[in-house]
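Structure first, commentary second.
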Amino acid sequence: MIFREYYNKSTYYRVVIALFFALTTAIAQPCQAQHFSSRQQLEDYERFEQFHKLNRDSAYYYAKRLVNDIDTLATSMEVAMLYDFMAEYTEATLHSYSKSLEYRLQSARIYEALDNKPCITRTNALLARIYLRNGDYHNAFSYSTSALKSAKSLSDATSEREAYLVLEQVTYFYNNDIDLAMEYNHLVADSYESREQAHQTVRALNNRFNYSMSYDETLDLTLLAETLCKEYGFSDLLINVYLNASMQSLAYEEFEMSLEYLERAKPLLSNFKEEGYYYSALGFYNLMVGDSSEAIVNLKHSIELLGQDDFDAKNVHSYFLLQDIYFNEERYKEAYEALMAFAETYTRQHNISNVVNLSKLINDMELAQADERLKQHQREMQQNQEYNDLVRHIHVGVICFVAAIAILALLLWRMQRKNSRLISIKAEQELRHKNEIIKVQQLQQYEEQNNMTKLSEELIETVNISDNRDMRNALRHIIHRLNKKHGSNNNWAEVEKTLANNNDVFFENLLKEYPNLTKNERKLCTLIHMNLSTKEIANITHQSIGSINVARSRLRQKFGLTDSDISLIVFLDKFKN
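Start counting the sequence shown at 13; every next residue gets the next number (the numbering used here).
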């Protein structure tokens, strides 16, 4: 009896549940047919779902056929998921960032229409990353700040970390605020809780190579990132780790380790983009070890490979190295062509209107923050007025505190009088520091003017060899504007005199043993003797780190330093006495 009763009840529940599912299916069917109305569309969507994880090429085929067949203003989660998949596929497999951007914008439009805040946040973070690849700092900054704000409100740690990665790059390359960029980097690099966050951590560690201040730090970074990549199977990121480690090793003249990292990266290459990055790094290595012919071959191959990419920002580095090699080999026509390609690519990457818009956006954000601080101050003042009685007592305490401070200040003043000798020494040290700053500023002014003079001379040579009359006139106009803006005063003699007054013994001993040093070589010796790093010298002279390293390599050859254990700083130090 009990069993029969239980059976009847369970049968009743099964019927109710079956009716519920039948009803919900009937209700959902018209919703599904809203955008997939034809039988062919429904079959294509079923095939897309079938191949979504098994065969991504086939899934992309059916997804593309679907979005081309439905209403372009369609707004449903299914359509948004199609666009998301196509954006991911075109970026990761086809390396077509323009198509990926187009699909991401479509999915963002749908999520906005559906008011799906988690999906809007994630899509904005991914859009910021795509814009950053194209050098569009304005949109990268705009989308990343929007994603960061909503990610914090939704407690979406993954999207928040993605936004910080974009903001780090914008802050480093556009604002040149290294401290803030490192702060963003630490927020991502120092911890992770999932596979996706581990992927972000490795990307942050790759970025941290830019801030490396010693070769030991570079080795530690490489080991940490390599371990994470192998643990989670991030072969694409591991290639970037090895290439960055190779470049940093060259900066510290560790040529054998640089080549070893390149050899580790080569078996992992799987597409034309990775091969393009590899041959760019290999070309730089060839240049640093003195094999310019092989460097030209590899850099050209890198440009050819990366030219297949929609966003060819990486070619800026290869074009710059090529024009430097050609110029030093007196192949001026090829140097000019490489320089023009460099300028065209750089201008395309750093769109001026985007930079202006980004400046305005940052300025608006700073004004909004200032306004918020003002409102906060007003709220605090209002709260203070509610506690007038308490404030009176605080005033008495403040007066006593100020009196105590005054007495303490008097005692400190008497102690300072007794220690006037120490104060005098400190003042002298500060004066010397200011003098060093003045020297560096003078060097920067000279280098800027010298670079403009060299550019004018190169353009004049181009005018002399060009057969195109219109181009010659255009170049003469540019030369006139450069000369008018920068003049032709030569300030290096004044800078050299200032440095010589403080380093007269060093200059005398150096020129006595090496009288044939050129002016540029004497300048480089001076900056190295001042114990400035390669990165600092590059910033002062407005040259790339690669160009400074090439100059250092040539200087070592002139000094006959074949032993890699003897650094230029140690070698030059012997001339100070």
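Glycine included, C-beta positions come from ideal geometry on N, C-alpha and C.
Remember, predicted model here, so these are calculated numbers, not experimental data.
Using a 10 Å radius around the Cβ and a threshold of 16 neighbouring Cβ atoms, would you call residue 335 buried or exposed? The C-beta of residue 335 has 16 or more other C-beta atoms within 10 Å across all chains shown, which makes the residue buried.
By the three-class DSSP mapping on this structure, what secondary structure does residue 348 have? helix
Nearest-angstrom Cβ-Cβ length linking residue 119 and residue 92, presumed shorter than 8 Å: 5 Å
Terminal residues of the alpha helix (DSSP H) in which residue 234 lies: 227-244
How is residue 388 classed by DSSP in three states: helix, strand or coil? In the structure shown, residue 388 sits in a helix (DSSP, three-state: H, G or I).
Assign residue 308 to one of three DSSP states: helix, strand, or coil. Secondary structure of residue 308 (DSSP, three-state): helix.
Can you give me the Cβ contacts of residue 230 inside the same chain, cut-off strictly under 8 Å, excluding the 5 residues immediately before and after it? 221, 224, 257, 260, 261, 264
Using only CA atoms, which one of 214, 227, 228, 232 lies nearest to residue 242? 214
For residue 96, three-class secondary structure by DSSP: helix
Own chain, CB closer than 7 Å to residue 432, minus 5 neighbours either side, in chain order: none
For residue 554, is the classification buried or exposed, using 16 other Cβ atoms within 10 angstroms of its Cβ as the cut-off for buried? exposed
Assuming contact is defined by CB atoms lying nearer than 8 Å, are residue 557 and residue 563 in contact in what I supplied? no
Would you please state the rounded distance, in angstroms, between the beta carbons of residue 290 and residue 281? I believe it to be under 8 Å. 6 Å
Grouping DSSP H, G and I as helix and E and B as strand, with all else coil, what is residue 466? Reduced to three states, the DSSP call for residue 466 is helix.
Kindly indicate the opening and closing residues of the alpha helix (DSSP H) around residue 123. 109-126
Would you kindly report the start and end of the unbroken alpha helix (DSSP H) that includes residue 533? 531-541
Using alpha carbons as the reference points, say which of 80, 226, 252, 228 lies closest to residue 238. 252
State buried or exposed for residue 188, treating a residue as buried only when at least 16 other CB atoms are found within 10 Å of its CB. exposed
Tell me, please, whether the segment 120-135 touches the segment 102-110 by the rule of three or more beta-carbon pairs shorter than 8 Å. no
Taking the C-alpha atoms as reference points, what is the distance between residue 402 and residue 203? 45 Å
Hey, how far is the Cα of residue 284 from the Cα of residue 578? 39 Å
Rounded C-beta distance between residue 331 and residue 308? I'm assuming under 8 Å. Under the criterion of beta carbons closer than 8 Å, residue 331 and residue 308 do not qualify as touching, at roughly 12 Å.
Looking at C-alpha atoms only, which residue of 64, 294, 320 is the closest neighbour of residue 333? 294
In three-state terms, what does DSSP make of residue 281? Coil at residue 281, not helix or strand.
Using CA coordinates, which residue listed in 338, 300, 301 is at the minimum distance from residue 312? Of all alpha-carbon atoms in 338, 300, 301, the one lying nearest the alpha-carbon of residue 312 is that of 338.
Where do the N-terminal and C-terminal ends of the alpha helix (DSSP H) with residue 130 fall, by residue? Boundaries of the alpha helix (DSSP H) harbouring residue 130: 129-145, taken from the DSSP string.
With distances taken from CA atoms, which of 159, 408, 179, 123 is nearest residue 90? 123
Let me know the secondary structure DSSP gives residue 105 once reduced to three states. Under the three-state reduction of DSSP, residue 105 is assigned to coil, being neither helix nor strand.
Here's the rule I'm using: 16 or more other beta-carbon atoms within 10 Å means buried, otherwise exposed. How should residue 389 be labelled? exposed
Cβ neighbour criterion (16 or more within 10 Å) applied to residue 426: exposed
Classify residue 145: buried if its beta carbon has 16 or more other beta carbons within 10 angstroms, exposed otherwise. buried
Quick check: the Cα distance between residue 60 and residue 297, rounded to an integer number of angstroms? 46 Å
Quick check: the Cα distance between residue 216 and residue 398, rounded to an integer number of angstroms? Annotation: residue 216 to residue 398 spans about 48 Å, alpha carbon to alpha carbon.
Which residues in the same chain have their Cβ closer than 7 Å to the Cβ of residue 460, if we skip the five residues on either side of it in sequence? 554
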